[in-house]
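Encoded as structure tokens, the structure appears first; notes follow it.
Number of protein chains: 2
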Amino acid sequence: MSLTEPLPLGLSRRAAWAREQAISYLMAQAVENRDVVSLAAGLVDEQTLPVELCRALTAELFSDDQRARAALQYGTTPGAESLRQEVLRLLARLEGGTTEDLRISAEQVVLTAGSQQLLSLVADTLFDPGDICFVSAPTYFVFLGVLNGVGARTIAIPSDNDGMIVDALAAELQVVADRGELDRVKLIYVVSDFENPSGICLSAERRKQLVALAEIWSARQRIHILEDAAYRELRYDGGPLPSIWGYDQSRESVILAQTFSKSFSPGVRVGFGIFPRGLVGPVCNRKGNEDFGSPHLNQLLIAEALRSGRYEQHVESVRQGYRRKRDAFLAALDEHFADLPG
Amino acid sequence: MSLTEPLPLGLSRRAAWAREQAISYLMAQAVENRDVVSLAAGLVDEQTLPVELCRALTAELFSDDQRARAALQYGTTPGAESLRQEVLRLLARLEGGTTEDLRISAEQVVLTAGSQQLLSLVADTLFDPGDICFVSAPTYFVFLGVLNGVGARTIAIPSDNDGMIVDALAAELQVVADRGELDRVKLIYVVSDFENPSGICLSAERRKQLVALAEIWSARQRIHILEDAAYRELRYDGGPLPSIWGYDQSRESVILAQTFSKSFSPGVRVGFGIFPRGLVGPVCNRKGNEDFGSPHLNQLLIAEALRSGRYEQHVESVRQGYRRKRDAFLAALDEHFADLPG
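First to last, the sequence lines map onto chains E and G. According to this note's numbering, the first sequence is numbered sequentially starting from 718. According to this note's numbering, the second sequence is numbered sequentially starting from 718.
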């Protein structure tokens, strides 16, 4: 071996599959160049970040010796019980019912480092190399990287103004089944509200159809739906829509991923997943290997924001802030581009 | 399929390999039963947790509007530049030299969710199923779970009062090479200070030998050493020892993993790794998939604790607290068990 040739590092196949996430580059560009207004990285509008609220929450927490010591101690792998209970209450509100209507327990809530860790854990728990995931075209590019990173095959399903075309998905499932590969199909990934990058919401009718379709094709092995609802609470007009998860009467088909990054603060970085009962153990086992628990302090801060109602107030102010920006943007488009042909 | 038989979930091989980490159970037992004094889970003594310090740090941070907004915004995949610079200064202090003596840049520091995520990222970056890791017997059981979780083979090397017996490791390397499997050897894992569970430190002589041995057997592919120095700063008597990493003149062989969980707060949950230059990209690519960055807020809190010197003061008080407990424990053993035969 020549002296100029570096010694091979013995990297794993997964290292080769991972490649650099474009999001890592985009975030670094946006965070390190404060005078750039990046529309690519998904930063939260800094003017809406809850500075006052976090000052109050931390001051309260660290003035209560017992709560403070608990926050600074280890938590558990699935996360703080208090926040998991609050997540149930939040979810009930978003679904337009009571916590009893949810028909799940707090044990089915898993707290993660943003929803990204949730998406990654699901991929790791379900996909062997060569397994198949259906996604909308176009969809969230970061999850496509995650799928590459576990060696999964991605099959793109076209979408229209109502989101993923469920009939096209049905046709593709038939093609895969005819090839004898149905047992390799593990997941259907959908950003249900404000799909990234198209901004489209999956229509209520399609949500129902999607759950039914996944059920039909799960005769011999479960095909899960991963519903990425990161932007769910940032609806600028009208109330919340029921999730795809809400249409899953069995509570066995849909994994619902949400996050407090977009609605509260990405620097606090708490996301969560709602899991079918049978997946909780396997996902927590993988999380036990990855970090055996996300920061307890951050979980308790968000739990208190939710418990005291200050979270909901904050989200309303975030919605107002973004609504103003959206309206200004549309007005400017009208003013400056309305006379363009086509 | 009968109605009583649950539908297969289509879990991955990695899900099957993960199993439940005993640490998840031990943490849950310790955290949820506040009247149990658990010596198993590795909780930090609650009386030493930095409640006052964190109250001051958060009050300062959230009173400075610009810093607060930065803390609540996304960070980057490898972590906050300010903390990575402070880590270099901390490391220089622990190694007994200047930051220039380290001969690395802040780009070789990667910030993680505790050192556990670091250990997990290294395993994911290096091991294909069937690859080999050498470990001391006995060693940190959680990392053995991580190795199982990626399908690695573990070969145990006996240890004595000076830690892993390097001659025994050399003999095992020869056995593996004779089997034609040297290219499957990716890593040697060592808890250098206060090995868990034995409490033994690897002697200075062995540290030097270990680096030399890894170099010798890296003729065609790098065999890395993963030095887990989680307890490094909790030395109750005498000053810090140079790390195994310190003996690696090439800065190409050793990955050094440390954490602020044991010395500061596990609820803040920040760990870090020092990487050979060539591994930084691959490890960050995997981290880009897992979470594209640990909580920025927590990183900035620790950075300020370090910058202002309050971290070092705190660690000294932690050492004093544990030293008192150690002395009381030894005195009680002397008093009550000294007359036992053997």
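Glycine included, every Cβ here is placed at the ideal spot set by N, Cα and C.
- Query: Which chain G residues are close to R730(E), counting only those with a beta carbon under 7 Å from its beta carbon?
  - Reply: Those within 7 Å of R730(E) in chain G are D845.
- Within 8 Å, strictly: CB atoms of S837(E) and L843(G): No, the pair does not count as a contact, with Cβ atoms beyond the cut-off.
- Query: For M718(G), is the classification buried or exposed, using 16 other Cβ atoms within 10 angstroms of its Cβ as the cut-off for buried?
  - Reply: In this prediction, M718(G) has a pLDDT of 46, which is less than 50 and means its spatial position is unreliable; nothing more can be read from the coordinates.
- Item | Enclosing alpha helix (DSSP H) for C771(E) [first to last residue] | Taken as a continuous stretch (DSSP letters only), the alpha helix (DSSP H) holding C771(E) covers V768 to S780.
- Item | Outcome for Q966(G) when other beta-carbon atoms lying within 10 angstroms are tallied against a minimum of 16 | Exposed, by the Cβ-count rule.
- Assuming G796(G) and G1010(G) make a contact with CB atoms under 8 Å, what is their CB distance in whole Å? Between the beta-carbon of G796(G) and that of G1010(G) there is about 7 Å, and that keeps the pair under the 8 Å contact cut.
- Message: If you measure between the beta carbons of G960(E) and E944(E), is that distance less than 8 Å?
- Response: Gly is not the amino acid found at residue 960(E); the sequence shown has Ser there. Yes. Within cutoff.
- Message: Just verifying my parser: in three-state terms, what is the DSSP assignment at A894(E)?
- Response: Reduced to three states, the DSSP call for A894(E) is helix.
- Task: State yes or no: is the C-beta of F989(E) within less than 8 Å of the C-beta of L819(E)?
- Result: It is not a contact, given that the beta carbons lie outside the stated cut-off.
- May I ask which residues mark the beginning and end of the beta strand (DSSP E) holding F1054(G)? Not the beta strand (DSSP E): F1054(G) falls in the alpha helix (DSSP H), residues R1027 to F1054.
- Message: Is R986(G) close to the ligand MN? I mean its beta-carbon at under 7 Å from any heavy atom of the ligand.
- Response: Absent from the structure shown: the ligand MN. Ligands present: none.
- When Cβ atoms are compared, which residues of the segment 735-746 of chain G fall closer than 8 Å to chain E? For the segment 735-746 of chain G, which is checked against every Cβ of chain E, the residues closer than 8 Å are A735, R736, E737, Q738, I740, S741, M744 and A745.
- Message: Less than 8 Å between the C-beta atoms of L927(G) and V883(G), yes or no?
- Response: Taking 8 Å as the Cβ cut-off, L927(G) and V883(G) qualify as a contacting pair.
- Query: Looking at C-alpha atoms only, which residue of S822(G), S876(G) and V902(G) is the closest neighbour of G847(G)?
  - Reply: The shortest C-alpha separation from G847(G) is found at V902(G).
- Query: What does E763(G) reach in chain E if we use C-beta pairs closer than 7 Å?
  - Reply: Ordered by position in chain E, the residues that pass the 7 Å Cβ test against E763(G) are R786 and Q790.
- Using a beta-carbon distance below 8 Å, is Q833(E) in contact with chain G? Taking 8 Å as the CB threshold, Q833(E) lines the interface with chain G.
- Grouping DSSP H, G and I as helix and E and B as strand, with all else coil, what is C918(G)? Looking at C918(G) - three-state DSSP - the assignment turns out to be coil, as it is neither helix nor strand.
- Message: Is there a C-beta anywhere in chain E that falls below 8 Å from the one on S982(G)?
- Response: Contact with chain E is found for S982(G), since one of that chain's Cβ atoms lies less than 8 Å from the residue's Cβ.
- Output, in chain order, the set of chain G residues within a Cβ distance shorter than 7 Å of F851(E). Those do not exist, as F851(E) stays about 14 Å from chain G at its closest Cβ, beyond 7 Å.
- Message: For I849(G) and E898(G), which I take to be in contact (beta-carbon distance under 8 Å), what is that distance rounded to the nearest angstrom?
- Response: Sure, about 7 Å apart at Cβ, within 8 Å.
- Item | Where V985(G) sits in the DSSP three-state scheme | In the three-state reduction of the DSSP assignment, V985(G) falls in the coil class, being assigned neither a helical nor a strand state.
- Query: Where do the ends of the beta strand (DSSP E) carrying Y906(E) lie?
  - Reply: That run of the beta strand (DSSP E) goes V902 to V908.
- Item | Proximal residues of chain G, C-beta to C-beta of F779(E) below 7 Å | In chain order: V768, C771, R772 and T775.
- Item | Rounded Cβ spacing between R939(E) and L724(G) (contact assumed at less than 8 Å) | Between L724(G) and R939(E) the Cβ distance is about 5 Å, and since that is below 8 Å, they are a contact.
- Task: Please report how far the alpha carbon of E1061(G) lies from the alpha carbon of I942(G), in whole angstroms.
- Result: Nothing about residue 1061(G) can be read from this structure; chain G reaches only from 718 to 1059.
- Candidates E969(E), A788(E), I821(E) and Q764(E): closest to A1020(E) by CA position: Shortest Cα-Cα distance from A1020(E) to any of E969(E), A788(E), I821(E) and Q764(E) involves A788(E).
- Task: Measure the CB-CB distance between Q783(E) and V761(G) and report whether it falls below 8 Å.
- Result: No, these two residues do not count as a Cβ contact at 8 Å.
- Query: Residues in its own chain within less than 8 Å of P1058(G) by CB, not counting five upstream and five downstream?
  - Reply: Sequence-distant partners of P1058(G) (beyond 5 residues in either direction) whose C-beta falls short of 8 Å from its own C-beta are missing from its chain.
- Query: Can you pull the DSSP bridge partners for M881(E)?
  - Reply: Per DSSP, S876(E).
- Message: With a threshold of 7 Å on Cβ separation, who are the neighbours of I917(G) within its own chain once the five nearest residues in sequence on each side are excluded?
- Response: Cβ neighbours of I917(G) within its own chain (closer than 7 Å, five residues either side excluded): S876, N878 and G880.
- Query: From what residue to what residue does the alpha helix (DSSP H) around T815(G) run?
  - Reply: That residue, T815(G), is in no alpha helix (DSSP H); it is neither H nor E in DSSP.
- Message: For A809(G) and A840(G), I'd like the C-alpha separation in whole angstroms.
- Response: The straight-line gap from Cα to Cα measures roughly 26 Å.
- Task: Locate the alpha helix (DSSP H) running through D841(G), then write down its first and last residues.
- Result: Per DSSP, D841(G) belongs to the alpha helix (DSSP H) from G831 to L843.
- Query: Using the rule of at least 16 other Cβ atoms within 10 Å of the residue's Cβ for burial, across every protein chain shown, is T856(G) buried or exposed?
  - Reply: Around the beta carbon of T856(G), 16 or more other beta carbons sit within 10 angstroms, so the residue counts as buried.
- Query: In terms of residue numbering, what span does the alpha helix (DSSP H) encompassing A732(E) cover?
  - Reply: Bounds of the alpha helix (DSSP H) holding A732(E) are R730 to A735.
- Unbroken alpha helix (DSSP H) run spanning S741(E), endpoints: Note, S741(E): alpha helix (DSSP H), A739 to E749.
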